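2 protein chains.
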Amino acid sequence: MSETQSPTPRTRLVREPQRAVYDRAAAYEILDEGFICHVGFVVDGQPFVIPTGYGRVGDNLYVHGSAASRMLRNLDEGVPVCVTVTLLDGLVLARSIFNHSMNYRSVVVLGTAAAVQDPEEKLAALRQLSEHILPGRWVESRQPNEKEIKATLVMRLPITEFSAKVRQGDPIDDEEDYAFQTWAGVIPLEMVAGTPINDPRLDPKTPVPGYARAYSRKRARK
Amino acid sequence: MSETQSPTPRTRLVREPQRAVYDRAAAYEILDEGFICHVGFVVDGQPFVIPTGYGRVGDNLYVHGSAASRMLRNLDEGVPVCVTVTLLDGLVLARSIFNHSMNYRSVVVLGTAAAVQDPEEKLAALRQLSEHILPGRWVESRQPNEKEIKATLVMRLPITEFSAKVRQGDPIDDEEDYAFQTWAGVIPLEMVAGTPINDPRLDPKTPVPGYARAYSRKRARK
Chain Z
1 MSETQSPTPR TRLVREPQRA VYDRAAAYEI LDEGFICHVG FVVDGQPFVI
51 PTGYGRVGDN LYVHGSAASR MLRNLDEGVP VCVTVTLLDG LVLARSIFNH
101 SMNYRSVVVL GTAAAVQDPE EKLAALRQLS EHILPGRWVE SRQPNEKEIK
151 ATLVMRLPIT EFSAKVRQGD PIDDEEDYAF QTWAGVIPLE MVAGTPINDP
201 RLDPKTPVPG YARAYSRKRA RK
Chain B
223 MSETQSPTPR TRLVREPQRA VYDRAAAYEI LDEGFICHVG FVVDGQPFVI
273 PTGYGRVGDN LYVHGSAASR MLRNLDEGVP VCVTVTLLDG LVLARSIFNH
323 SMNYRSVVVL GTAAAVQDPE EKLAALRQLS EHILPGRWVE SRQPNEKEIK
373 ATLVMRLPIT EFSAKVRQGD PIDDEEDYAF QTWAGVIPLE MVAGTPINDP
423 RLDPKTPVPG YARAYSRKRA RK
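Sequence lines, in order, name chains Z and B.
For the first sequence, our numbering assigns the number 222 to the last residue and increments by one with no breaks.
For the second sequence, our numbering assigns the number 444 to the last residue and increments by one with no breaks.
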């Protein structure tokens, strides 16, 4: 898990190489904290980018395919995709406009995604997708039946070619700009869960489970 | 602004068409609340998806290109891109695993992006990018000089072919599942700003400006 991935010409960062992270464990930490990815694929030369959920099992990413039915067209041979996960951590206010930035952590995985056909692997992937987003929820839900599993598209993308990019910390201004009179610093940003809202058809005496009451991504990834 | 865009075959939603929004004003509201997009482009048949900032001026999206230098290769003729903006609003916990979902609002814009060459249009686009993310900050910063403007890549994408997709509200279970005993409802999610962190080299007497102290996307888009 601490293997270092040599970047390929396709994943080597050309711009701002100091922000590059090619370490597999660091990339997995980012993948495990996020749960929405943007999947890119190509149809007739036109790129499409679709948001969807994902989960990781070992060195495979499993992507929920229902949102990306256009990918299906070439599926039997597998389809070239790019899966990108971005965690936004803050706005970075420098003294100069030019040095304004954002704090973020992102991972890009390139490769060929294929639909999972084996029902057992598909069920395991769906379970991981669910556990990834909301640990503890799977066992408390009505389990998927055969028809539902068939109706769900899950794509498997081996995490072979990837890179991560991380920017954290204070603004970095040109030396001569530090004398410029303005506020400078970071506005932290975080995805925060609010108070759970009962389904109107729920028996109001049903207790809100802990995984819903105290939802937090940092907790979820543990 | 209330024009309705007929979907093209490329932007018509095939799956879950009831979630489709082809109204320009509704799409612009989503674009104006977000500020991170995922840009998809193609190099040698391989899709790439890169997160970056953006702003909207009228019916054009301006995308900060520094993160996507690979796009530059074919830039003079323009390059086919997909720009996707996703706002995550909550986790939707149904009784059945199959009906679990997320509340979100997303916009997909397809088209040909070109680099902005004219320095005046570029400066106006950069100003809009900045005002879009953090209204009020531009005038309090050290303005970009000629060299910095030259070093910054801004891409223009006309908002011609687009679609939006919106899912909000309670879980929707199969009728026979409403008797299943488990909690069901929505965990709201929101991007929240924390307390601004002063740059260590800032004079600690410098007041934190209002736009940093009370940062909120809902406020920003007004």
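Using N, Cα and C, we set each Cβ at its ideal position, and we do this for glycine too.
None of these values were measured; they are calculated from a predicted model.
query                                                                                                                               : result
Contact with chain B by Leu-110 of chain Z, beta-carbon distance below 8 Å                                                          : yes
Contact check, Val-238 of chain Z vs Ala-114 of chain Z, beta carbons under 8 Å                                                     : Given that chain Z is displayed from residue 1 to residue 222, the structure contains no residue 238 of chain Z and the question cannot be resolved.
Within chain Z, the residues that Thr-230 of chain B reaches when beta carbons sit closer than 7 Å                                  : Here the premise fails: no neighbours, minimum Cβ distance about 11 Å.
Under the three-state DSSP convention, the category Val-139 of chain Z falls into                                                   : helix
Beta carbon proximity, Tyr-400 of chain B to chain D, threshold 8 Å                                                                 : In summary, chain D is missing from the structure at hand, where the protein chains are Z and B.
Environment of Pro-9 of chain Z [buried if 16+ CB atoms lie within 10 Å]                                                            : exposed
Residues of its chain near Pro-426 of chain B, where Cβ-Cβ distance is below 8 Å and the 5 sequence neighbours each way are ignored : Asn-420
Selection from Z:Gly-53, Z:Val-108, Z:Val-57 that minimises the alpha carbon distance to Ala-125 of chain Z                         : Z:Val-57
Enclosing alpha helix (DSSP H) for Asp-23 of chain Z [first to last residue]                                                        : First-last for Asp-23 of chain Z: undefined, no H or E at that position.
CB contact below 8 Å: Leu-157 of chain Z versus chain B                                                                             : no
Residue of Z:Ala-212, Z:Gln-117, Z:Gln-128, Z:Ala-27 minimising C-alpha distance to Tyr-104 of chain Z                              : Z:Ala-27
Beta-carbon proximity check, Gly-53 of chain Z vs Phe-41 of chain Z, cutoff 8 Å                                                     : no
Unbroken beta strand (DSSP E) run spanning Ala-400 of chain B, endpoints                                                            : It should be noted that the sequence gives Tyr, not Ala, for residue 400 of chain B. Premise fails: Tyr-400 of chain B is in no beta strand (DSSP E) and is neither H nor E.
Ile-133 of chain Z to Phe-384 of chain B span [Cα, whole Å]                                                                         : 29 Å
Per-residue contacts from Pro-341 of chain B into chain Z (C-beta, under 8 Å)                                                       : Going along chain Z, no residue has its Cβ under 8 Å from Pro-341 of chain B, so there is no contact; the nearest lies around 14 Å.
Rounded distance between the beta-carbons of Tyr-437 of chain B and Ala-415 of chain B, thought under 8 Å                           : 4 Å
Beta-carbon gap between Pro-80 of chain Z and Gly-267 of chain B smaller than 8 Å                                                   : yes
Alpha helix (DSSP H) runs contained entirely in the region 315 to 379 of chain B, provided each spans 4 or more residues            : 341 to 355, 368 to 373
Rounded separation between Ser-318 of chain B and Arg-142 of chain Z - CA only                                                      : 4 Å
Minimum Cβ-Cβ distance from Asp-32 of chain Z to chain B less than 8 Å                                                              : no
Neighbourhood of Val-408 of chain B by C-beta, 6 Å cutoff - its chain only, sequence neighbours within 5 removed                    : Gly-312, Val-314
Where Asn-198 of chain Z meets chain B, residues with beta-carbon distance less than 7 Å                                            : Gly-407
Test: Gly-78 of chain Z CB closer than 8 Å to a CB of chain B                                                                       : no
Cβ-based burial, Thr-226 of chain B [other Cβ within 10 Å; buried from 16]                                                          : Bear in mind that a pLDDT of 43 at Thr-226 of chain B, under 50, signals an unreliable position, so the number given afterwards is only what the model happens to contain. Counting Cβ neighbours within 10 Å, Thr-226 of chain B comes out exposed, since fewer than 16 surround it.
Rounded distance between the beta-carbons of Leu-157 of chain Z and Val-109 of chain Z, thought under 8 Å                           : 6 Å
Interface flag, Tyr-54 of chain Z vs chain B, CB-CB below 8 Å                                                                       : no
Residues within the region 423 to 442 of chain B neighbouring chain Z, beta-carbon criterion of under 8 Å                           : Arg-423, Leu-424, Thr-428, Pro-429, Val-430, Pro-431, Ala-434, Tyr-437
Interface flag, Glu-146 of chain Z vs chain B, CB-CB below 8 Å                                                                      : no
Reduced DSSP category for Arg-167 of chain Z - H, G, I as helix; E, B as strand; rest coil                                          : strand
DSSP beta-bridge partners of Tyr-276 of chain B                                                                                     : B:Val-285
Nearest residue (CA-CA) to Phe-320 of chain B, options Z:Gly-78, Z:Cys-82, Z:Trp-138                                                : Z:Trp-138
Candidates Z:Glu-148, Z:Ala-184, Z:Pro-119: closest to Ser-101 of chain Z by CA position                                            : Z:Ala-184
Against chain Z: residues of the region 301 to 317 of chain B by CB proximity under 7 Å                                             : Pro-302, Val-303, Cys-304, Thr-306, Thr-308, Leu-310, Leu-313, Leu-315, Arg-317
Closer than 8 Å to chain B by CB, Val-49 of chain Z                                                                                 : yes
Reference Leu-283 of chain B; option with closest CA among B:Leu-309, B:Gly-358, B:Leu-375, B:Ile-381                               : B:Ile-381
Reference Glu-342 of chain B, options B:Val-329, B:Glu-368, B:Pro-357, closest by Cα                                                : B:Glu-368
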